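Offset between the sequence shown (1-based) and this note's numbering: plus 2.
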Amino acid sequence: MEMLEFLRSRRTYRRFEQRPVEENVVREILEAARIASCGANRQTLKYAVVQSPEMVAKMNALVHWAAYLPPEQGTPKVGEQPVLFVAVCQDESLPGANDTDAGLALGSMTAVAWSHGVGSCIMGAIDRPAIKELLHLGDSLRLHSVVAFGYPTHKSRVVEMQDGDVKYYLDEARDYCVPKRPMEEILLETV
Ligand SMILES: Cc1cc2nc3c(=O)[nH]c(=O)nc-3n(C[C@H](O)[C@H](O)[C@H](O)COP(=O)(O)O)c2cc1C
Numbered sequence: 003m004e005m006l007e008f009l010r011s012r013r014t015y016r017r018f019e020q021r022p023v024e025e026n027v028v029r030e031i032l033e034a035a036r037i038a039s040c041g042a043n044r045q046t047l048k049y050a051v052v053q054s055p056e057m058v059a060k061m062n063a064l065v066h067w068a069a070y071l072p073p074e075q076g077t078p079k080v081g082e083q084p085v086l087f088v089a090v091c092q093d094e095s096l097p098g099a100n101d102t103d104a105g106l107a108l109g110s111m112t113a114v115a116w117s118h119g120v121g122s123c124i125m126g127a128i129d130r131p132a133i134k135e136l137l138h139l140g141d142s143l144r145l146h147s148v149v150a151f152g153y154p155t156h157k158s159r160v161v162e163m164q165d166g167d168v169k170y171y172l173d174e175a176r177d178y179c180v181p182k183r184p185m186e187e188i189l190l191e192t193v
């Protein structure tokens, strides 16, 4: 697939098939994180993989889905929930942790997943203390975010923004429509 077309379809997905993400894809997600660019090459990020159905169910109770949608539309029901979570942690015992590094790792992880047809949802609205306890993450680890993964059962597409409204919505097929600002709004100047 052409790169821009790939990025256009690498959206957030929130409903998934109930089959595990293939092991080689899980490995590639972590490898993409491992080799991501980071400030001064300090590599302060650490990862926890959650893939047993019991632990995934526990994680799922500690994350919040789709703030712009009513729960019956945006929260995946039993039978549509993600099958894998990766927790992204900043190891504060190492110098130089920063959010740009986490963002770059998140971008690489979700892109390599999507290259195998695995959709994702980066999640910041999470119960950090409860997830830290569940995963036995030590005191020096700051839980930055988690990513939910799975093979999506819906589509998602970028749509034209109406009246500056950034809220995504579902169409009649329950596919996501994600408004993005037009180019003339984001491009400040070309000199
Ligand atoms: C830093 C960050 C945190 C996010 N947190 C959540 C979250 O807690 N729950 C959720 O359902 N989606 C979350 N999302 C997904 C965003 O809602 C989504 O990226 C946005 O609506 C744009 O959709 P798109 O990714 O398809 O472009 C998060 C995305 C990012 C980048």
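Where a beta carbon is used, it is the ideal one built from N, C-alpha and C, also for glycine.
All figures in this text were calculated on a predicted structure; none of them were measured in a lab.
Since residue i sits in a beta bridge, which residues does DSSP pair it with?
i	result
T14	S122
P181	V161
V88	V51, V149
L9	DSSP, once it has assigned bridges, lists no residue as partnering L9.
V65	I128
Y171	C179
R144	Q92
P217	The requested residue 217 does not occur in the structure, where the chain is confined to residues 3 to 193.
Report whether the distance from the Cβ of residue i to the nearest heavy atom of ligand 1 is below 6 Å.
i	result
G166	no
C91	no
V180	yes
T155	no
W67	yes
M3	no
Y170	yes
M111	no
R21	no
R36	no
V127	The question names Val, but residue 127 is Ala in the sequence shown. A127: yes, Cβ under 6 Å from ligand 1.
I133	no
S144	In the sequence as presented, Ser is not what sits at residue 144; that position holds Arg. Flag unset: Cβ of R144 not near ligand 1.
C123	yes
R13	yes
Please report the Cβ distance between residue i and residue j, rounded to the nearest whole angstrom; I am assuming they are in contact, meaning their Cβ atoms lie under 8 Å.
i	j	result
A113	R12	6 Å
V149	C179	Actually they do not touch by this definition, with Cβ atoms about 22 Å apart.
Q92	L139	Their Cβ separation, rounded to whole angstroms, is 11 Å, which puts Q92 and L139 out of contact at 8 Å.
V160	R10	6 Å
Is residue i near residue j, with beta carbons less than 7 Å apart?
i	j	result
V120	V27	yes
G109	R44	no
L106	A38	yes
F18	P154	yes
I188	A115	no
S95	S147	no
L137	A35	no
A68	G76	yes
Y70	K182	no
L190	D129	no
Please name the residue, chosen from the options, that lies closest to residue i on a Cα-to-Cα basis.
i	options	result
L145	F151, M163, M125	M125
H66	P84, V52, P55	P84
P55	P184, M111, Q20	Q20
H118	T14, E4, E24, L6	E24
A104	G41, K169, M5	G41
E174	K157, K182, A68	K157
K60	R10, E162, R183, A132	A132
G152	M3, L6, T14, L190	T14
L172	L64, Q53, P72, R29	P72
K134	R10, V161, V52	V52
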